Amino acid sequence: MKMTGAQMVCESLLREGVDLVFGLPGGAILPLYQTMPEYPQLRHILVRHEQGAAMAADGYYRASGRVGVAFATSGPGATNLITGIACANMDSSAMVCITGQVARASIGKDAFQEGDTTGVTLPVTKHNYLVMKAADIPRVVKEAFHIAKTGRPGPVLIDIPKDVFIEQAEFEYPDEVDLPGYKPTLEGHPTQIKKAAKLINEAKKPVILAGHGVIISRAFDELKDLAEKAEIPVITTLLGLSSFPETHVLSVGMPGMHGVAYASLAIDESDLLISLGARFDDRVTGRISSFAPNAKIIHIDIDPAVIGQNVKTLVPIVGDVRRVLRALNKQVEGASHTEWLDQIEKLRSEHPSLRLPDNTKLTQQFILKQLSDITKGKAIIVTGVGQHQMWAAQLYTFSEPNTMITSGGAGAMGFEVPAAMGAQLARPNEVVWSIAGDGGFQMTMSELATIVENKIPVKFAIMNNNFLGMVRQWQHMFYNDTFYATEYTGNPDFVALAKAFGIMGLRVTDKTQVADAINSANDHDGPVVVDFVVDPEENVYPMIPPGESINELVEAPDQLAAVLEANPDMMPPS
249 MKMTGAQMVC
259 ESLLREGVDL
269 VFGLPGGAIL
279 PLYQTMPEYP
289 QLRHILVRHE
299 QGAAMAADGY
309 YRASGRVGVA
319 FATSGPGATN
329 LITGIACANM
339 DSSAMVCITG
349 QVARASIGKD
359 AFQEGDTTGV
369 TLPVTKHNYL
379 VMKAADIPRV
389 VKEAFHIAKT
399 GRPGPVLIDI
409 PKDVFIEQAE
419 FEYPDEVDLP
429 GYKPTLEGHP
439 TQIKKAAKLI
449 NEAKKPVILA
459 GHGVIISRAF
469 DELKDLAEKA
479 EIPVITTLLG
489 LSSFPETHVL
499 SVGMPGMHGV
509 AYASLAIDES
519 DLLISLGARF
529 DDRVTGRISS
539 FAPNAKIIHI
549 DIDPAVIGQN
559 VKTLVPIVGD
569 VRRVLRALNK
579 QVEGASHTEW
589 LDQIEKLRSE
599 HPSLRLPDNT
609 KLTQQFILKQ
619 LSDITKGKAI
629 IVTGVGQHQM
639 WAAQLYTFSE
649 PNTMITSGGA
659 GAMGFEVPAA
669 MGAQLARPNE
679 VVWSIAGDGG
689 FQMTMSELAT
699 IVENKIPVKF
709 AIMNNNFLGM
719 VRQWQHMFYN
729 DTFYATEYTG
739 NPDFVALAKA
749 FGIMGLRVTD
759 KTQVADAINS
769 ANDHDGPVVV
779 DFVVDPEENV
789 YPMIPPGESI
799 NELVEAPDQL
809 AAVLEANPDM
819 MPPS
């Protein structure tokens, strides 16, 4: 059957099970948009900025496990996607972005809104395509979805010239992909699994480090089975939060630069570290040479490139975390590690995660602890990057699987607004709270219009301290309180702003108002913006000073002062 290239795109998306697309039209992609009314099964969410489309598609994937789809036009439309694509690439989110391009005859001639989209996005995509014939569209879309969601997931971009959308050709959708050079390994090698089981059965102080790979592979039950069978405490990375219920007796929390101290110290004292879908990011390890000095390391990951990349691994296993754990659990023996668990509990009691100041100031820690208690750890939490992200990771007790969504690797401010929108659309019957700094919120707050237009009931908690909080913290700690270009003196009235969009707005200035505001937001059937006016001088602890080991963390200002006095040239983290 003959179709235009635009019809082929729509039909191919339907064949891949797509029913939701985020995008913004423009000249080069207009033929595709003009075709979409023929395909009412494809719901289109009109965003206010292409960055919002990419980040919403990312949030949609993370919440649902289904590939997110974003559309943009050529030139600035495509380049506006890039931050969102980079986030997805760093955090292994499956996304397909389709961009318009100038007509084939105009490519390379500096035409209006021309840009080398495939060249610019090459470093931040898993793969990309420039489609020069309409007949290639079905194959390319099939391949793009396969590449995006298999192996280590990631974003794939398809760039289509305007005249290719109009060109007609026979539509033939392939049943299978033919990619001889792309064969992700799913099953772990039996010999390696046997070695890993032996190490686990012999260990006296084992810990599991659960990363994002557990969530991507949906290995929640398998992780729990391993932890309970062998009585192994579970430590979770930032992106691994909500892979294991934090209400469980074996849950230890997040380690690393701003993780809970007892999790980092447990790694430091362990004799076996079982890494599941984690890549040993610098924020987790601290100084590599002294990371987990007494531990043998088992590293399970679907991406062979990350195994051994940062830490020395004794038993590498390439494969899907869920499949590897199913095989591994059959060979792991039941065990009791009472003495080791008691040791970790002692660390927990000596290094509490909650440090509320003894004053009446409204703090982010207080708010996030209240939010966790009121929602019973069952809400979907979406954060940006900064202080609020770290306190959410420390203090929100994630009790349900796959309920933490954040920009981890790229650390993109503004992620929290569109990603929450995507997550809410993916799981419409669940409560979604977007935790935002006042800085990050203002980067993408135009998507409030999208949220209203599409009746998306996200709840926003703005931690309003009139500062770029984490940067201010570094200026305080490392630059003798030289606060430059970090204070917002012209913030809008966020409550009035919310109301201008037609959204319920609340302001909280006192601890006594927090619970009522959270409950009011939860009870409201539409979106809500809560402006929490918080203490600007609150700093995140614990902290691993740059270049130090995870056992050299500091938990209070006086400890950091001593470190800085001994190391006067120490620079802040990147």
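Its first residue numbered 249, the sequence shown is counted upward by one per residue in the numbering used here. We put the beta carbon where it would ideally sit given N, CA and C, even for glycine. Quick caveat, the model's predicted, so the values are computed rather than measured.
Beta-carbon gap between residue i and residue j smaller than 8 Å
i	j	result
SER601	GLN642	yes
VAL679	ILE751	no
GLY325	GLU298	yes
GLY307	VAL630	yes
ILE622	ALA763	yes
VAL500	ARG527	no
GLY656	LEU427	no
GLY332	ALA302	yes
ALA382	ILE546	no
LEU812	MET818	yes
LYS624	ALA417	no
ILE550	ASP568	yes
ALA658	ALA334	yes
THR561	ILE798	no
ASP411	LEU378	no
HIS460	GLY525	yes
PHE742	ASP779	yes
THR283	THR252	yes
Length of the line joining the Cα atoms of residue i and residue j
i	j	result
VAL482	CYS345	36 Å
ARG596	PRO794	24 Å
ARG387	PRO422	6 Å
THR373	VAL404	6 Å
ASP773	VAL706	9 Å
ASP606	GLN440	52 Å
PHE492	GLY363	44 Å
GLN761	SER620	16 Å
ASP686	LEU673	24 Å
LEU520	VAL777	45 Å
HIS437	TYR309	29 Å
LEU808	GLN635	17 Å
PRO564	ILE548	6 Å
VAL566	ALA509	30 Å
TYR281	TRP722	46 Å
PRO649	SER537	33 Å
GLY717	LYS472	36 Å
TYR727	GLU785	15 Å
TYR789	ASN542	26 Å
GLY688	GLU664	8 Å
ALA478	LYS626	27 Å
THR730	GLU435	53 Å
SER354	GLU701	36 Å
Under the three-state DSSP convention, the category residue i falls into
i	result
VAL554	helix
GLY750	coil
PRO403	strand
ILE629	strand
SER768	helix
GLU494	coil
ILE704	coil
SER499	strand
ARG310	helix
MET284	helix
ASP416	This sequence places Gln at residue 416; Asp is not what is there. DSSP places GLN416 in strand when its eight states are reduced to three.
LEU268	strand
VAL482	strand
GLU830	Outside the modelled stretch of the chain, which goes from 249 to 822, sits residue 830, for which no answer is possible.
SER512	helix
LEU562	coil
SER518	coil
THR623	helix
GLU298	helix
ILE798	helix
Distance between beta carbons of residue j and residue i, contact taken as under 8 Å
i	j	result
ALA684	PHE708	6 Å
LEU573	LEU474	6 Å
ARG400	SER312	About 18 Å; that fails the 8 Å criterion.
ASN337	GLY402	5 Å
GLY662	THR692	4 Å
LEU616	VAL781	So it is not a contact: roughly 15 Å between Cβ atoms.
GLY738	GLY316	Going by Cβ atoms, the distance from GLY738 to GLY316 rounds to 34 Å, so no, they are not a contact pair.
Within-8 Å CB hit, residue i to chain C
i	result
ALA804	Protein chains in the displayed structure number just one, and chain C is not present.
Ranges of the beta strand (DSSP E) found wholly within the segment 329–399, counting only runs of at least 3
343–349 and 375–378
In chain order, each alpha helix (DSSP H) run of at least 4 residues that lies wholly inside the segment 628–674:
635–643 and 664–674
In chain order, each beta strand (DSSP E) run of at least 3 residues that lies wholly inside the segment 427–490
454–458 and 482–484
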